[in-house]
Amino acid sequence: MTKDLTTGHPLKVILWFAFPLVLGNLFQQFYNLADTIIVGRFVGVNALAAVGSTGSINYMILGFVIGICNGFAIPIAQYFGARSYGDMRRYVANSAWLSLAGAVVLTVATVLLTRPILQLMQTPADIIDDAAAYIGWIFAGIPFVFLYNMVSCIMRALGDSKTPLVFLVVTSFLNIGLDLLFILVFDAGVMGAALATDLSQAISGIASLLYLCKRFDVLKMKKEEAGVDRAACGRLLYIGLPMGLQCSITAIGSVVMQWAVNVLGSTVVAAVTAASKTSNLLTVPLESVGTAMATYAGQNLGASRLDRVRSGVRYALGIVAVYAVGSLVVLHFFDVTIFGLFIDTATEIEIVELAQQYLLWNSLFFFPLGALIVWRYVIQGLGYSGVAMMAGAAEMAARTGVALVLVPLLGFFGAALANPAAWIAACVFLIPAYRWTIRHIGNRLYGRSLSHES
-1 MTKDLTTGHP LKVILWFAFP LVLGNLFQQF YNLADTIIVG RFVGVNALAA VGSTGSINYM
59 ILGFVIGICN GFAIPIAQYF GARSYGDMRR YVANSAWLSL AGAVVLTVAT VLLTRPILQL
119 MQTPADIIDD AAAYIGWIFA GIPFVFLYNM VSCIMRALGD SKTPLVFLVV TSFLNIGLDL
179 LFILVFDAGV MGAALATDLS QAISGIASLL YLCKRFDVLK MKKEEAGVDR AACGRLLYIG
239 LPMGLQCSIT AIGSVVMQWA VNVLGSTVVA AVTAASKTSN LLTVPLESVG TAMATYAGQN
299 LGASRLDRVR SGVRYALGIV AVYAVGSLVV LHFFDVTIFG LFIDTATEIE IVELAQQYLL
359 WNSLFFFPLG ALIVWRYVIQ GLGYSGVAMM AGAAEMAART GVALVLVPLL GFFGAALANP
419 AAWIAACVFL IPAYRWTIRH IGNRLYGRSL SHES
């Protein structure tokens, strides 16, 4: 069930590994979109705006969870690439202990602070009750988000990007079924959508854990490998925390932007929600290539194959360039069709027009987005997650600047420029950061080879 990414043509290896990630992330999006689509179509525009208004804080918290789990998986991938299986199992065990502790702390804190945060963001009065009910129940399911993402990241670190896809496919359909049950049959509104997500995540996490324990023989641990190891925990946190914080720091800018959008009214919130959800669908392949590159870089670093890392980055940038052009073509013909998943496009004319403007400006900058994703994940996969975190700070600063300056001056058009500004700012930082990281590791590997020769 494992896969060695240190051999074979880089382009073929990356595409082979990334394709299941694309499908898996698409189903993850549908998994998350089920709430938005069903709420928007069957509960109403205000309910859609309520769910959409929580998107930035949802990403801030759940992005932290996903980021830290991705970070924990990096040393696992490195030890797997180096074929140091005892150390690999020790890091798997300590990742589990840290995830358990993080899940408890984060769940309690977020559930208690949900409504104060929404009030601070100036969430419109006509949607704040639904928004608080929805995101509060979503945060109650954080332990299962930790569980599924940690197990999936371990599988990917060992080269298996297909099995997480299978669990996502099954639970995505389950989530849709539960959404329809709770909303249409039980009339539970946005709270029903949140409960459907929680139940689906619980089933996905538990099932994937059972599969991991049963099928991955390389993870069968001795007693001394399963205990808490301070050194292992320290290294995991050193890599994982910056990756989690990078997502959260990026999301802080999104929270400030959501505050600026909220001031413009619930119609604009609904338009931005529909456009953002569409953009998230279209950028799934970019994120998937980035995720593949983190594992690819980690395994090849473990095997001391920095040359393969460099060539892999070049091929990955080519992939995202081709995709960025293709996505523009798709949007030209099908943007309104995709919006129809969330709203009634025949009656909500103003929302559709605003959403089209917002999405156009975002899609024109998909290549810088894809490039920053590749550079950032490679830097993280090489173990320099603190460096990559600074790109998140650049994104946060750009979004905050747009929210505080351009939105008051330009209104909705200013909001549409927020993501492009953030992506460009991150690229300006990441280009020299990637070159520095490669040069620094190259010097380290060269020094190691000289010491071995002597």
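Take the sequence shown: its position 69, counting from 1, is numbered 67 in the working numbering, and each next residue is one higher. Glycine residues also receive a C-beta, built at the ideal position from the N, C-alpha and C atoms. Every value quoted in this text rests on a predicted model; they were computed, and no experiment measured them.
Start-to-end residues for the alpha helix (DSSP H) that takes in residue i
i: histidine 330; result: 304 to 337
i: tyrosine 83; result: 83 to 118
i: proline 73; result: 53 to 79
i: valine 350; result: 347 to 361
i: glycine 187; result: 187 to 213
i: valine 405; result: 405 to 408
C-beta atoms of residue i and residue j nearer than 8 Å
i: leucine 315; j: valine 376; result: no
i: isoleucine 140; j: alanine 101; result: yes
i: serine 93; j: isoleucine 237; result: no
i: asparagine 441; j: valine 282; result: no
i: leucine 207; j: valine 149; result: yes
i: aspartate 227; j: arginine 88; result: yes
i: leucine 176; j: leucine 145; result: no
i: leucine 156; j: phenylalanine 62; result: no
i: alanine 459; j: alanine 396; result: Since the displayed the chain opens at -1 and closes at 452, residue 459 lies outside it and no answer follows.
i: alanine 16; j: valine 287; result: yes
i: valine 318; j: glycine 379; result: no
i: alanine 401; j: alanine 47; result: no
Local conformation of residue i per DSSP, three classes
i: lysine 218; result: coil
i: lysine 275; result: helix
i: lysine 160; result: coil
i: phenylalanine 144; result: helix
i: isoleucine 341; result: coil
i: arginine 433; result: helix
i: phenylalanine 137; result: helix
i: glycine 368; result: helix
i: tyrosine 382; result: coil
i: threonine 398; result: helix
i: threonine 289; result: helix
i: aspartate 128; result: helix
i: leucine 443; result: helix
i: phenylalanine 184; result: coil
i: threonine 34; result: helix
i: aspartate 2; result: coil
i: alanine 423; result: helix
i: leucine 299; result: helix
i: aspartate 177; result: helix
i: leucine 234; result: helix
i: histidine 7; result: coil
i: alanine 16; result: helix
i: leucine 415; result: coil
i: glycine 242; result: helix
i: threonine 265; result: helix
i: valine 523; result: In the structure as shown, the chain starts at -1 and stops at 452, and residue 523 therefore has no counterpart that could be examined.
i: valine 226; result: coil
i: threonine 169; result: helix
i: proline 283; result: helix
Residue closest to residue i, alpha-carbon to alpha-carbon, out of the options
i: proline 73; options: Val216, Gln297, Trp95 and Ala200; result: Gln297
i: threonine 5; options: Met148, Leu299 and Thr161; result: Leu299
i: leucine 357; options: Leu415, Tyr432, Arg437 and Phe180; result: Leu415
i: tyrosine 57; options: Gly79, Val103 and Val143; result: Val143
i: leucine 284; options: Leu118, Glu223, Phe365 and Leu145; result: Phe365
i: lysine 160; options: Ile59, Ala396, Leu21 and Val226; result: Leu21
i: threonine 293; options: Val259, Val403 and Phe70; result: Phe70
i: valine 350; options: Ser361, Val334 and Leu362; result: Val334
i: alanine 91; options: Lys218, Ile174, Asp128 and Val267; result: Lys218
i: glutamate 348; options: Asp2, Val43, Leu13 and Phe25; result: Val43
i: arginine 213; options: Leu235, Ser82 and Met153; result: Met153
i: glycine 399; options: Ile204, Gly84 and Pro418; result: Pro418
i: alanine 205; options: Met387, Val183, Ile336 and Pro162; result: Pro162
i: glutamate 223; options: Gln120, Gly84, Leu329 and Ile115; result: Gly84
i: arginine 374; options: Ala424, Asp215, Tyr209 and Ser202; result: Ala424
i: isoleucine 436; options: Gly381, Asn173 and Gln120; result: Gly381
C-beta neighbour in chain D for residue i, strict 8 Å
i: histidine 7; result: The question asks about chain D, but that chain is absent: this structure has only one protein chain.
Worksheet item: With contact counted as at least three CB pairs below 8 Å, one residue from each stretch, are the segment 322 to 330 and the segment 296 to 307 in contact?
Response: Contact fails: fewer than three Cβ-Cβ distances are below 8 Å.
Worksheet item: Within the chosen definition, does the segment 268 to 278 reach the segment 2 to 10 through at least 3 CB pairs nearer than 8 Å?
Response: At 8 Å Cβ cutoff, the stretches do not touch.
Discussion item. Is it the case that the segment 152 to 166 contacts the segment 188 to 195, given that we only count it when at least three CB pairs across the two stretches are under 8 Å?
Written reply: Short answer: they don't touch.
Practice prompt. Determine contact between the segment 388 to 399 and the segment 412 to 431, defined as no fewer than three beta-carbon pairs at a distance below 8 Å.
Written response: Counting Cβ pairs under 8 Å, three or more are found: they touch.
Fill in: Three CB pairs or more closer than 8 Å across the segment 61 to 70 and the segment 232 to 246
By the Cβ criterion, the segment 61 to 70 is in contact with the segment 232 to 246, since at least three pairs of Cβ atoms, one from each stretch, lie closer than 8 Å.
Item to complete: Answer yes if the segment 336 to 346 comes into contact with the segment 37 to 46, meaning at least three C-beta pairs across the two stretches below 8 Å, and no otherwise.
Response: These segments touch.
Discussion item. Any contact between the segment 348 to 356 and the segment 398 to 415? By contact I mean 3 or more CB pairs, one from each, below 8 Å.
Written reply: Yes: at least three Cβ pairs fall under 8 Å.
Item to complete: State whether the segment 275 to 282 contacts the segment 257 to 267, with contact taken as three or more CB pairs (one from each stretch) at a distance under 8 Å.
Response: Counting C-beta pairs with one atom in each stretch, the segment 275 to 282 and the segment 257 to 267 have fewer than three that are closer than 8 Å, which means they do not touch.
Discussion item. Does the structure place the segment 124 to 135 close enough to the segment 101 to 116 that three or more beta carbon pairs sit under 8 Å?
Written reply: Taking a cut-off of 8 Å for Cβ pairs, the segment 101 to 116 and the segment 124 to 135 touch, as three or more such pairs fall below it.
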